[in-house]
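S.K.:
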Amino acid sequence: MDCRKLVVVGQGYVGLPLAMRAVEVGFDVVGIDLDESRVKRLASGESFVEDIPAQRLDSALDTRRYRPTTDYADAAGFDVCLITVPTPLRDGAPDLSHIEQAGRALGPYVRPGCTVILESTTYPGTTEELLRRLLETASGLQSPGDFHLGYSPERIDPGNPRWRLENTPKVVSGVDEAALRQVDGFYRQIVERTVPVDSTRVAELTKLIENTFRQVNIALINELAVLSHELDIDIWQAIEAAATKPFGFMSFRPGPGVGGHCLPIDPCYLSWQVKRTLGRQFRFVELANDINHEMPEHVVHRVMAGLNQRGRAVNGSRLLLLGLAYKKNTGDMRDSPAIDITRRLLALGAEVRAVEPYAEPHHVPDGVVIVDLTERELRAADAVVVVTDHDDFDYDLVAHTARYVFDARNRCAADNVERL
Ligand SMILES: NC(=O)c1ccc[n+]([C@@H]2O[C@H](COP(=O)([O-])OP(=O)(O)OC[C@H]3O[C@@H](n4cnc5c(N)ncnc54)[C@H](O)[C@@H]3O)[C@@H](O)[C@H]2O)c1
280 MDCRKLVVVG
290 QGYVGLPLAM
300 RAVEVGFDVV
310 GIDLDESRVK
320 RLASGESFVE
330 DIPAQRLDSA
340 LDTRRYRPTT
350 DYADAAGFDV
360 CLITVPTPLR
370 DGAPDLSHIE
380 QAGRALGPYV
390 RPGCTVILES
400 TTYPGTTEEL
410 LRRLLETASG
420 LQSPGDFHLG
430 YSPERIDPGN
440 PRWRLENTPK
450 VVSGVDEAAL
460 RQVDGFYRQI
470 VERTVPVDST
480 RVAELTKLIE
490 NTFRQVNIAL
500 INELAVLSHE
510 LDIDIWQAIE
520 AAATKPFGFM
530 SFRPGPGVGG
540 HCLPIDPCYL
550 SWQVKRTLGR
560 QFRFVELAND
570 INHEMPEHVV
580 HRVMAGLNQR
590 GRAVNGSRLL
600 LLGLAYKKNT
610 GDMRDSPAID
620 ITRRLLALGA
630 EVRAVEPYAE
640 PHHVPDGVVI
650 VDLTERELRA
660 ADAVVVVTDH
670 DDFDYDLVAH
680 TARYVFDARN
690 RCAADNVERL
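Take a look at the structure:
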């Protein structure tokens with residue numbers, strides 16, 4: 280496939296790694312983002328995505344084949360364009376305004392023979408119904424026919440050193456055979472293995488199955504963790520034992536709730552569409568959402584009970600939270616359960632301090648003081664709560680220094696440690 284100019288719309292957690300990889304395999308890449316400060320930071324070599332070290336960004340900028348910009352006019356003459364803009368919820372319903380905006384802005388630069396691929400997570404039908412209409416209207420061209428249109432879900436797992444963009448199989452699709460060939464041909468240059476499917480709807484559903492599967496299984500194990508505590512059975516040991524079964528079981532671990540841009544949101548795209556199209560409820564998703572949403576409250580109750588046993592109330596206690604991000608080894612606090620836990624503890628009158636080495640200061644919840652993980656902080660806390668299990672925390676130090684630890688991640692072991 281003879282293609283050199285790639286446009287990546289959205290330079291966030293998904294778009295930036297794609298742009299970097301494409302530069303590295305020889306593309307001329309324009310990274311469009313409406314966030315001016317983000318673009319300025321990228322242009323000066325400052326990366327805000329943990330998986331993209333500044334050095335890698337610098338190397339891309341040095342090639343002069345990576346240009347971050349806010350201006351859609353820089354898309355002119357593109358061969359392939361990837362759209363990686365956010366797909367959040369608004370009042371519980373899909374908010375596709377970013378895709379709409381991107382489609383309208385990109386449309387005038389669509390020309391015969393080019394390929395546009397949506398990567399944002401969304402409900403089945405978005406590519407063929409919404410994006411196609413926007414691009415056709417703005418360009419005066421048609422797909423299939425004049426330009427190629429496809430969908431390929433992103434599977435990036437921030438902070439995962441084993442499975443990276445290039446070695447994770449990529450599901451690819453197109454609105455017709457010709458589009459599929461173009462989409463597949465493009466990604467074969469970016470990743471080691473592609474998985475072609477018959478339609479964009481199948482590809483869109485694939486992503487939602489993956490995330491709904493995780494959301495539901497995490498909810499199952501979370502509910503079991505709550506029940507096992509009441510039954511006085513060690514859920515963590517039971518999970519480890521179950522995981523020795525070499526077939527038919529996949530291990531999920533309980534935690535303080537789910538967060539980030541995927542699990543709390545993506546399954547709702549599917550349940551919303553099922554409701555709208557079929558008038559039916561997607562019951563597993565609703566139940567999983569309920570259970571996972573209740574986990575921060577459960578953590579707070581357990582901390583409250585633990586302090587009570589030690590003759591203390593939450594009100595007036597000094598609490599040290601370890602980790603605020605929604606998952607380990609990242610600073611991403613979007614929808615993190617730590618935010619809910621913090622809000623509840625503050626409302627109960629606690630003094631809340633937190634250790635979060637990856638946090639950007641403006642994302643830290645109001646009323647929380649960020650501190651370093653020191654013996655002094657650990658000794659001064661009435662309770663230490665392990666919320667996010669970043670690998671670089673010294674869990675031995677925590678377990679052996681703190682008076683009382685509530686560990687929602689099973690990282691500490693000592694007599695003063697209570698686990699979720
Ligand atoms: N982050 C992940 O781990 C992950 C994994 C798989 C799928 N996804 C999906 O990928 C999509 C993007 O997620 P993300 O985490 O990269 O989001 P993000 O917020 O990190 O990045 C999106 C970027 O798009 C920019 N943007 C918004 N509207 C724009 C427009 N009209 N034109 C140009 N730029 C625009 C924003 O300024 C932002 O910088 C979402 O649909 C998400 O569900 C994310």
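Numbering-wise, the sequence shown is residues 280 to 699 according to our numbering.
We treat Cβ as the ideally placed atom computed from N, Cα and C, and that holds for glycine.
1) Indicate, with yes or no, if ligand 1 has a heavy atom lying under 7 Å from the CB of residue 312.
2) When you compare only the Cα positions, how much space is there between residue 293 and residue 363?
3) Rounded to whole angstroms, what's the CA-CA distance from residue 298 to residue 658? Just pull it up for me.
4) Report yes if the C-beta of residue 435 is less than 7 Å from at least one heavy atom of ligand 1; otherwise report no.
5) Return the CA-CA distance between residue 628 and residue 289, expressed in angstroms with no decimal places.
6) For residue 289, is the beta carbon positioned less than 7 Å from some heavy atom of ligand 1?
7) Under three-state DSSP, which class holds residue 405?
8) Using only the alpha-carbon positions, how far apart do residue 524 and residue 497 sit?
9) Is the closest heavy atom of ligand 1 to the C-beta of residue 309 under 7 Å?
10) Counting Cβ pairs, one atom from each stretch, are 3 or more of them under 8 Å apart for the stretch 442-449 and the stretch 469-482?
11) Counting along the chain, where does the alpha helix (DSSP H) carrying residue 306 start and finish?
12) Any idea what DSSP makes of residue 398, helix, strand or coil?
13) Put residue 280 into one of helix, strand or coil per three-state DSSP.
14) Could you tell me if residue 280 is buried or exposed, where buried requires 16 or more neighbouring beta carbons within 10 angstroms of its beta carbon?
15) Given this structure, state the Cα-to-Cα distance separating residue 421 from residue 312, to the nearest angstrom.
16) Secondary structure at residue 379, three-state DSSP: helix, strand or coil?
17) Kindly indicate which residue of 406, 436 and 484 has the alpha-carbon position closest to the one of residue 454.
18) Excluding sequence positions up to five away, which residues of its chain have a Cβ less than 8 Å from the Cβ of residue 490?
19) In whole angstroms, give me the CA-to-CA distance for residue 348 and residue 318.
20) Apart from the five residues on each side of it in sequence, which residues of its chain come closer than 6 Å, Cβ to Cβ, to residue 578?
M.R.: Inspection of the coordinates gives the following:
1) The count along the sequence shown starts at 1 and reaches residue 312 at position 33. Within the cutoff, so yes.
2) Looking up residue 293 in the sequence shown gives position 14. Looking up residue 363 in the sequence shown gives position 84. The straight-line gap separating the alpha-carbon atoms of residue 293 and residue 363 is approximately 6 Å.
3) To locate residue 298, count along the sequence shown from 1; it is residue 19. To locate residue 658, count along the sequence shown from 1; it is residue 379. Between residue 298 and residue 658, the C-alpha separation is close to 46 Å.
4) For the purposes of this step, residue 435 is identified with residue 156 of the sequence shown, where counting begins at 1. At least one heavy atom of ligand 1 is nearer than 7 Å to the Cβ of residue 435, so yes.
5) For this step, residue 628 is matched to residue 349 along the sequence shown. For this step, residue 289 is matched to residue 10 along the sequence shown. For residue 628 and residue 289, the distance between alpha carbons rounds to 41 Å.
6) Residue mapping note: residue 289 aligns to position 10 of the sequence shown, counting from 1. Flag set: Cβ of residue 289 near ligand 1.
7) As a position in the sequence shown, residue 405 is number 126, starting the count at 1. In this structure, residue 405 counts as helix in the three-state DSSP scheme.
8) The count along the sequence shown starts at 1 and reaches residue 524 at position 245. The count along the sequence shown starts at 1 and reaches residue 497 at position 218. Each residue's alpha carbon lies about 19 Å from the other.
9) Position 30 of the sequence shown, counted from the first residue, corresponds to residue 309. Residue 309: no, Cβ never under 7 Å from ligand 1.
10) A contact exists between the stretch 442-449 and the stretch 469-482.
11) Numbered from its first residue, the sequence shown carries residue 306 at position 27. Per DSSP, residue 306 belongs to no alpha helix (DSSP H) and is neither H nor E.
12) Start at 1 with the first residue of the sequence shown, and residue 398 comes out as number 119. Shown here, residue 398 sits in coil according to DSSP, grouped into three states, outside any helix or strand.
13) Sequence index remark: in the sequence shown, residue 280 carries index 1 (1-based). Here residue 280 scores only 48 on pLDDT, less than 50, and its place in the model is too uncertain to base an answer on.
14) Position 1 of the sequence shown, counted from the first residue, corresponds to residue 280. Residue placement at residue 280 is poorly supported in this model, since its pLDDT is 48, which falls under 50; the coordinates still yield a value, given next. By the neighbour-count rule (16 or more Cβ atoms within 10 Å), residue 280 is not buried but exposed.
15) The sequence position of residue 421 within the sequence shown is 142, counting from 1. The sequence position of residue 312 within the sequence shown is 33, counting from 1. Cα-Cα distance, rounded: 26 Å.
16) Start at 1 with the first residue of the sequence shown, and residue 379 comes out as number 100. Residue 379: helix per DSSP, three-state reduction.
17) Start at 1 with the first residue of the sequence shown, and residue 454 comes out as number 175. Ranking the options by Cα distance to residue 454, first place goes to 406.
18) Here residue 490 refers to the residue found at position 211 when the sequence shown is read from its first residue. 400, 541, 542, 545 and 546, listed in sequence order.
19) Within the sequence shown, residue 348 is the residue found at index 69, counting from 1. Within the sequence shown, residue 318 is the residue found at index 39, counting from 1. Roughly 6 Å separates the two Cα atoms.
20) On the sequence shown, residue 578 is found 299 positions in, with the first residue counted as 1. Only 535, 620 and 687 meet the Cβ criterion.
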